[in-house]
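Student: Going by the working numbering, the first residue of the sequence shown is number 3, and it counts up by one from there. Yeah, the Cβ is synthetic: ideal placement off N, Cα and C, and Gly gets one too.
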Amino acid sequence: MFGNQERLMDAMVSTSYSMELVVLSYAISMIGAFIALISARRLEPEIDDRQSYLMSLGSTGIALGGIGVWSMHFIAMLALRMDLGTGYSVWETGVSLIAAVAISALAFHIVARNPRSIGRLLLAGSMLGLGAVVMHYLGMYGMRFGGHLEWDYERIAMSVLIALVAATAALWLAFHTAQTSMRLLAAAIMALAVCAMHYTGMSAAEFICTTENRLAIPSGRYVLSALGLPMVVAVLALGMSMVLLMDLALVSFQKSSTRAGIPRK
């Protein structure tokens with residue numbers, strides 16, 4: 003009996019966090035949320051320029067889903083410290099990014115059609131919250147290590163509740179904040195909620211090691227070493243940022259052309 007308890011204690015992996023990376027994960031989430039708030043203000047129900055609307059919608063989804071949630075998640079995973087070699091499945095990691103962006107964009111589209119509709123807000127908030135949850139746990143499912151995870155389902159439920167409330171509040175703020183100072187405050191609140199959901203979800207996971215060599219890095223054709231994760235996140239985050247900058251530049255050019263009396267094609 004005591005032997006089994008000792009083996010179980012040996013199998014449990016102790017975890018801690020790098021506070022510098024925790025702060026960075028919050029900062030990245032806030033930046034994504036702030037850009038999403040700016041882009042969301044251009045999603046007007048009466049807009050007749052479909053191309054501009056779709057670009058703004060895409061920017062909003064990329065900013066909140068791709069940067070505010072996805073990039074934040076994997077930077078937060080880099081902040082996790084444990085004596086266990088880890089890797090990430092390319093498939094689950096890629097699908098989680100696509101899901102986060104697509105669901106975020108769709109949720110903003112639903113509210114943008116009628117920002118005053120409580121029904122649309124609750125529907126889109128639930129969709130956005132569950133999208134963040136799917137992204138988080140799909141990312142966790144994509145982790146590869148010599149062992150398995152045990153879950154505290156009460157804390158999982160708490161993380162889901164936080165995501166639902168936070169997402170609904172985020173959508174309301176997106177369409178009811180006009181001043182830059184208020185958008186910054188709203189972005190800070192949104193980022194705090196996203197991080198709360200993530201770290202609550204992480205507290206629900208217990209890593210159990212079942213291999214002798216804890217530090218062995220999982221390998222495979224479609225498995226990315228945790229050592230290579232920073233480069234992947236940096237490249238994708240940079241790519242998403244470039245898309246957002248191009249969108250902002252295009253909008254600025256169109257406004258300048260309109261003021262100058264140059265017709266848009």
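Would you kindly work out how many angstroms separate the C-alpha atoms of residue 266 and residue 251, rounded to a whole number?
Tutor: Summary for residue 266: the model assigns pLDDT 49, below 50, so the residue's position carries little reliability; its value from the coordinates is reported in the next sentence. Going from the Cα of residue 266 to the Cα of residue 251 covers about 15 angstroms.
Student: Nearest-angstrom Cα distance between residue 141 and residue 95?
Tutor: Each residue's alpha carbon lies about 6 angstroms from the other.
Student: Taking just the CA atoms, how far does residue 233 sit from residue 84?
Tutor: Going by the C-alpha atoms only, they are around 20 angstroms apart.
Student: If you measure between the beta carbons of residue 137 and residue 169, is that distance less than 9 angstroms?
Tutor: In this structure, residue 169 does not lie closer than 9 angstroms to residue 137 by Cβ.
Student: Going along the chain, which residues of its own chain have a beta-carbon closer than 7 angstroms to the beta-carbon of residue 32, five neighbours each way excluded?
Tutor: Once the five neighbours on either side are set aside, the close Cβ partners of residue 32 are 189, 190, 193.
Student: Taking the alpha carbon of residue 226 as the reference point, which residue from 154, 237, 146 has its own alpha carbon closest?
Tutor: When only C-alpha atoms are compared, the closest one is 146.
Student: Consider the Cβ of residue 210: report whether some Cβ of chain D lies at a distance smaller than 9 angstroms.
Tutor: The structure shown contains no chain D; it holds only a single protein chain.
Student: Looking only at DSSP bridge pairs, what is residue 211 linked to?
Tutor: The partner list for residue 211 (beta bridge, DSSP) reads 149.
Student: Along the chain, where does the beta strand (DSSP E) that runs through residue 89 open and close?
Tutor: Element bounds for residue 89: 88-91.
Student: Under a Cβ-count criterion, where at least 16 other Cβ atoms within 10 Å of its own Cβ denotes burial, should residue 155 be classed as buried or exposed?
Tutor: Flag for residue 155 reads exposed.
Student: With burial defined as no fewer than 16 other Cβ atoms inside 10 Å of the residue's Cβ, what is the status of residue 42: buried or exposed?
Tutor: By the neighbour-count rule (16 or more Cβ atoms within 10 Å), residue 42 is buried.
Student: Can you tell me where the beta strand (DSSP E) holding residue 118 begins and where it ends?
Tutor: Segment: none, residue 118 is in no beta strand (DSSP E) and carries neither H nor E.
Student: Measuring CA to CA, which of 34, 17, 20 is closest to residue 172?
Tutor: It is 34.
Student: Mapping DSSP to helix, strand and coil, what is residue 16?
Tutor: It is coil, neither helix nor strand.
Student: At which residues does the beta strand (DSSP E) containing residue 162 begin and terminate?
Tutor: No beta strand (DSSP E) holds residue 162; the alpha helix (DSSP H) holding it covers 155-176.
Student: Closer than 8 angstroms by C-beta to residue 212: which residues in its own chain qualify, once you throw out the five before and the five after it? Chain order, please.
Tutor: Once the five neighbours on either side are set aside, the close Cβ partners of residue 212 are 13, 148, 149, 150.
Student: By how many angstroms is the C-alpha of residue 196 removed from the C-alpha of residue 207?
Tutor: Roughly 17 angstroms between the two C-alpha positions.
Student: Is the separation between the beta-carbon of residue 36 and that of residue 238 shorter than 9 angstroms?
Tutor: No. Outside cutoff.
Student: Roughly how many whole angstroms lie between the Cα atoms of residue 112 and residue 15?
Tutor: Their backbone Cα atoms lie some 43 angstroms apart in a straight line.
Student: Checking 9 angstroms against the spacing of the C-beta atoms, do residue 107 and residue 132 come in under that value?
Tutor: Against a cut-off of 9 angstroms, the Cβ pair of residue 132 and residue 107 comes out as no contact.
Student: Taking DSSP as the reference, what is the three-state secondary structure of residue 45?
Tutor: Note: residue 45 maps to coil in three-state DSSP.
Student: Taking the DSSP output, what are the residues bridged to residue 227?
Tutor: Answer by DSSP bridge pairing, in chain order: 89.
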